[in-house]
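With UniProt numbering, the residue at position 168 of the sequence shown is 168, and numbering never jumps.
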Amino acid sequence: MNFWRRLQLNKKGRDEKYYPLFEYASDAIMVLEFTGLILDVNENMCRLLQYTRDELLSKNLTQLLDPDELNQFPLRFRELFEGRELLAERKMIKKDGNIAFVEASVKKIDNSRIITIIRDITYLRTVQKQIAVSESLFRSAFEHSAIGMGLVSIEGNWIKVNRQLCRIVGYNEEEMMRCRFQDITHPDDLEADLTLLRQTLDGKINVYRIEKRYIHKDGSVVWINLTASLIRDERNVPMYFVSQVEDVTEKKKISEQLMESENKFRTLVEQSLVGVYIIKNGVFSYVSPRYAEIFGYTQEEMTNSFPAETAAYPEDRHLYYEYTEDRLSGRVDYVHYEARGMKKGGEPFWVEVFGSRTYYEGGLAIIGTLLDISERKRQEESMRELASHLQDIREEERYKMSREIHDELGQQLTALKLEVSALRFKLTDDVARQKAGEIIDLISTTINTVRKIATDLRPYVLDDLGLVAALQWQTREFEKRSGIKSAFTSNVIDIDVEPKNGLAIFRIYQESLTNIMRHAHAGHVSAILKEEEDSLQLIVEDDGDGFDPTLLKTTKSLGLVGIKERALVMNGHFEITTAPGKGTTLSLSIPLSKIVHP
Numbered sequence: 001m002n003f004w005r006r007l008q009l010n011k012k013g014r015d016e017k018y019y020p021l022f023e024y025a026s027d028a029i030m031v032l033e034f035t036g037l038i039l040d041v042n043e044n045m046c047r048l049l050q051y052t053r054d055e056l057l058s059k060n061l062t063q064l065l066d067p068d069e070l071n072q073f074p075l076r077f078r079e080l081f082e083g084r085e086l087l088a089e090r091k092m093i094k095k096d097g098n099i100a101f102v103e104a105s106v107k108k109i110d111n112s113r114i115i116t117i118i119r120d121i122t123y124l125r126t127v128q129k130q131i132a133v134s135e136s137l138f139r140s141a142f143e144h145s146a147i148g149m150g151l152v153s154i155e156g157n158w159i160k161v162n163r164q165l166c167r168i169v170g171y172n173e174e175e176m177m178r179c180r181f182q183d184i185t186h187p188d189d190l191e192a193d194l195t196l197l198r199q200t201l202d203g204k205i206n207v208y209r210i211e212k213r214y215i216h217k218d219g220s221v222v223w224i225n226l227t228a229s230l231i232r233d234e235r236n237v238p239m240y241f242v243s244q245v246e247d248v249t250e251k252k253k254i255s256e257q258l259m260e261s262e263n264k265f266r267t268l269v270e271q272s273l274v275g276v277y278i279i280k281n282g283v284f285s286y287v288s289p290r291y292a293e294i295f296g297y298t299q300e301e302m303t304n305s306f307p308a309e310t311a312a313y314p315e316d317r318h319l320y321y322e323y324t325e326d327r328l329s330g331r332v333d334y335v336h337y338e339a340r341g342m343k344k345g346g347e348p349f350w351v352e353v354f355g356s357r358t359y360y361e362g363g364l365a366i367i368g369t370l371l372d373i374s375e376r377k378r379q380e381e382s383m384r385e386l387a388s389h390l391q392d393i394r395e396e397e398r399y400k401m402s403r404e405i406h407d408e409l410g411q412q413l414t415a416l417k418l419e420v421s422a423l424r425f426k427l428t429d430d431v432a433r434q435k436a437g438e439i440i441d442l443i444s445t446t447i448n449t450v451r452k453i454a455t456d457l458r459p460y461v462l463d464d465l466g467l468v469a470a471l472q473w474q475t476r477e478f479e480k481r482s483g484i485k486s487a488f489t490s491n492v493i494d495i496d497v498e499p500k501n502g503l504a505i506f507r508i509y510q511e512s513l514t515n516i517m518r519h520a521h522a523g524h525v526s527a528i529l530k531e532e533e534d535s536l537q538l539i540v541e542d543d544g545d546g547f548d549p550t551l552l553k554t555t556k557s558l559g560l561v562g563i564k565e566r567a568l569v570m571n572g573h574f575e576i577t578t579a580p581g582k583g584t585t586l587s588l589s590i591p592l593s594k595i596v597h598p
C-alpha cells in the first residue's frame with residue numbers, strides 16, 4: 001500500500017499509524033483543499049517557509065506563491081480534481097520575504113483534498129544560474145577574445161573556433177570544422193606538437209606551450225604561440241583541448257630584424273678601428289676588442305671594472321666624473337672631449353672620447369666611442385713647435401727690419417731733412433725757398449710714416465717699458481686711429497715675462513683690437529690684464545654687434561686662428577663669448593709658469 005493510498009484511507013485527516021511517514025518525511029508536505037486552503041503541513045514545510053504550523057494552517061496556498069508567477073501560471077485545480085498528477089516548479093515566498101525555488105508533486109487524495117510534496121531546489125537553481133552566467137562569460141570571452149581560441153578533440157578535430165583564430169589562419173568556421181589542427185600545422189613543427197600532446201594525454205603534464213607555425217589558407221607561414229589545456233570529465237577521462245593561439249608573426253619579424261641589426265652592429269663594433277664602450281651602474285658593461293686593445297687589457301679584464309680606475313689617467317679623472325654626471329643627470333645628452341687615458345702599465349696617452357646617454361638592458365647607461373689620438377697630439381705639438389719657431393723667425397725678421405728702417409732709413413731721412421733745411425736758408429729765390437719748404441714737409445711726413453712702419457713691425461715700447469706699458473700704449477693708439485672710446489686697466493705690477501711670450505700676448509691684443517675696428521661697429525672697448533693665482537688673464541670686451549657663436553665653427557678667420565695658435569704655444573686657453581646684438585668678449589688665460597722667466 002503506497003503513501004497516497006494510506007492517506008486516502010483516513011478521510012478525516014491523519015492516520016495515526018502513518019503519522020511518522022508524514023511528519024518525518026525528508027520532503028516538505030502539505031495537505032490542501034481544492035480552494036487552496038491549507039489543512040495540514042509537516043515540520044519540513046514549516047522549516048522551508050520559516051512559519052509555525054498554526055501560521056500556515058491559517059493561510060491559503062495562493063498567499064505563499066509569487067504573485068507575478070501565479071498570474072502567469074494559475075493553479076490547475078480542475079486537472080487535479082479530474083485525477084491528473086502534476087509536477088511543477090514554483091517560487092514560494094518565505095516569511096522573511098525571500099524566495100524559495102521548489103519542485104512540487106501534486107495529487108488528489110479524494111474529492112476534497114490534495115496532497116503536495118515539495119522539494120527545495122533553491123541551491124540547485126542558484127548553481128544553475130551561476131553555471132549559466134559562467135557559460136555566458138566563457139562564450140563571450142571565447143568569441144571576442146583578442147587571441148585565437150579553439151576547442152579541439154582528442155583526435156585533433158576542431159570542435160569550436162572563434163573569429164580571431166579564423167582570421168589568423170584565413171579559414172572560415174565551416175572550413176575549420178572540416179579539418180584537424182594537424183592539417184594546418186607546418187610539417188617541421190608537427191612532431192614536437194604531437195609529442196607534447198601525448199605527454200598531456202598520459203597525464204605527465206597538464207598544459208603545454210609551444211611556438212610553432214601554421215600554414216595560412218593562402219600558403220603563407222604564420223608564427224603562433226600555442227597554449228593547450230586538456231579538459232577531463234569527472235572520471236578523469238580526456239574530453240577535449242582548449243587551445244589559445246597568439247599570432248606572433250609580426251613580433252617574430254621584428255625579433256629577426258632586431259637580431260639581424262644586432263648582428264650587424266656587433267660585427268661593426270667588433271671590427272671597428274675605434275674603441276666602443278658601454279658603462280652601466282658605474283662599471284664597464286661592454287668594451288669592444290679594439291677598446292681593450294687600446295688600453296692593453298683583454299675584454300674580460302675590462303668588463304665590470306671601474307672606468308675611472310682602469311682607463312682614466314689620475315690627473316684627468318675629474319673630467320670623466322664631470323662628463324659622466326652631466327650625461328646621467330640629463331644636463332647634456334652628448335659629450336665630446338679630449339683627455340689622458342692610462343694603459344695597463346700606467347703609461348699615459350691621449351684619447352678622444354665621444355659618448356651619449358642611452359638605455360641598455362633595462363637601465364640607464366652611457367654608450368660611446370674612443371680614439372687613441374697620441375700620434376695626432378704628437379703631430380699637433382710638432383706643428384705648434386714649428387709654428388712657434390716660424391713665428392719667432394718672423395718676429396726676429398720684423399725686429400731686424402724695424403731696426404734697419406728706424407736706424408738707417410730714419411737717420412738718412414733726418415739727415416736729408418737737415419740738409420734741405422740748410423739749403424733753404426741759402427736760397428734767395430722765393431719760389432725755390434717755398435719749394436724747399438714743401439720738400440722739408442714731405443720728408444717730415446715720410447719720417448713719421450717710417451716710424452709708424454717700424455713701430456708696427458716691432459713695438460719698441462714693449463722692449464723698453466714692458467708688457468703693461470705696451471698694452472696701454474696700444475690702447476691709446478687704437479683709440480686715436482679708430483675713434484672708439486677705449487679703456488685699459490691692469491692689476492699686474494711686476495711680472496718678468498719672457499720677451500717672445502710678451503710679444504705673443506701683445507700681438508693677441510693687437511689682433512683683437514683690429515677685429516673690433518673692422519667688424520664690431522662698437523662704441524666702447526674695455527680691456528683688463530690681471531694676475532689671478534697661477535695664471536695671467538687678458539679680457540677684451542666691446543659693446544658692438546656681436547655674432548652667432550656657431551659661426552666660429554665654420555668661419556676660418558686668419559686673425560682668430562693666429563690668436564688661437566699663439567695661445568696654444570703658451571699652453572693658454574682662448575675663448576670667445578658673443579651673441580647677436582650683445583657685443584663680444586675675448587678671454588685669454590695663460591699659465592704663469594709658461595711665460596715668465598724661470
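Using N, Cα and C, we set each Cβ at its ideal position, and we do this for glycine too.
Asked	Found
Going by other Cβ atoms of all chains shown within 10 Å of its Cβ, with 16 needed for buried, is Arg-476 buried or exposed?	exposed
Nearest by alpha-carbon distance to Phe-34: which of Leu-61, Thr-52, Phe-22, Cys-46 is it?	Leu-61
Secondary structure at residue 601, three-state DSSP: helix, strand or coil?	Here the chain covers residues 1 to 598 and nothing more, so residue 601 does not appear.
Could you tell me which residues DSSP pairs with Pro-591 in its beta bridges?	Ser-535
For Lys-108, count neighbouring C-beta atoms within 10 Å of its own C-beta (all shown protein chains included) and say buried if the count is 16 or more, exposed if not.	buried
Is Phe-241 buried or exposed, if buried means 16 or more other CB atoms sit within 10 Å of its CB?	buried
Under a three-way DSSP split, which group does Leu-558 fall into?	Annotation note: pLDDT 48 at Leu-558 (below 50); position unreliable, no value reported.
Going by alpha carbons, who is nearest to Glu-246 out of Ile-147, Asp-316, Ala-365, Arg-198?	Ile-147
If we cut at 7 Å on Cβ distances, does Ser-153 have a partner in chain D?	Absent from the structure: chain D. Only one protein chain is present.
Do Ala-432 and Val-420 have their C-beta atoms closer together than 7 Å?	no
What does the alpha-carbon distance come out to for the pair Gly-258 and Ala-292?	It should be noted that the sequence gives Leu, not Gly, for residue 258. Their Cα atoms are separated by approximately 26 Å.
Nearest to Val-497 by alpha carbon, out of Leu-513, Asp-429, Leu-529, Val-596?	Val-596
Phe-284: which of Ser-272, Leu-423, Phe-425, Ser-305 sits nearest, CA to CA?	Ser-305
Measuring CB to CB, does Asp-96 end up less than 7 Å from Leu-48?	no
In the DSSP assignment, what are the bridge partners of Gly-150?	Val-161, Ser-243
Roughly how many angstroms lie between the CA atoms of Glu-234 and Leu-197, to the nearest whole one?	21 Å
With DSSP as the reference, label Val-237 as helix, strand or coil.	coil
At the level of alpha carbons, what is the spacing between Ala-311 and Ser-255?	35 Å
Pull up the distance between the alpha-carbon of Ala-52 and that of Leu-87, whole angstroms please.	Residue identity check: residue 52 is Thr in the sequence provided, not Ala. Using only the alpha carbons, I get a separation of about 26 Å.
Which residue marks the beginning of the beta strand (DSSP E) containing Pro-348, and which one marks its end?	348 to 360
Does DSSP put Ser-486 in a helix, in a strand, or in coil?	strand
With distances taken between CB atoms, is the gap from Thr-195 to Trp-223 smaller than 7 Å?	no
Got a sec, what are the start and stop residues for the beta strand (DSSP E) Asp-183 sits in?	Note, Asp-183: premise wrong, no beta strand (DSSP E); alpha helix (DSSP H) at 181 to 184.
List the DSSP bridge partners of Ala-28.	Ile-118
Excluding sequence positions up to five away, which residues of its chain have a Cβ less than 6 Å from the Cβ of Thr-578?	Gly-546, Phe-547, Pro-549, Thr-584
If we call anything under 7 Å between Cβ atoms a contact, is Leu-413 one with Ile-443?	yes
Using only the alpha-carbon positions, how far apart do His-144 and Gly-282 sit?	49 Å
To the nearest angstrom, report how far apart Tyr-320 and Ala-365 are at their CA atoms.	14 Å
Thinking C-alpha only, which one of Gln-434, Gly-562, Pro-67, Gly-346 is nearest Ala-504?	Gly-562
Assuming Ser-490 and Leu-529 make a contact with CB atoms under 8 Å, what is their CB distance in whole Å?	4 Å
Leaving out five residues on either side along the sequence, give the residues of the same chain with a beta carbon under 6 Å from the beta carbon of Glu-541.	Ser-526, Thr-585
In the DSSP output, what is Tyr-214 paired with across the bridge?	Thr-185, Val-222
With H, G and I counted as helix, E and B as strand and the rest as coil, what does DSSP make of Val-332?	coil
Shortest alpha-carbon distance to Arg-481 belongs to which of Arg-518, Arg-180, Pro-238?	Arg-518
When the distance is taken between beta carbons, is Tyr-214 closer than 7 Å to Ala-274?	First, the residue type needs correcting, since residue 274 is Val and not Ala in the sequence shown. Against a cut-off of 7 Å, the Cβ pair of Tyr-214 and Val-274 comes out as no contact.
Since Thr-585 sits in a beta bridge, which residues does DSSP pair it with?	Glu-541, Thr-577
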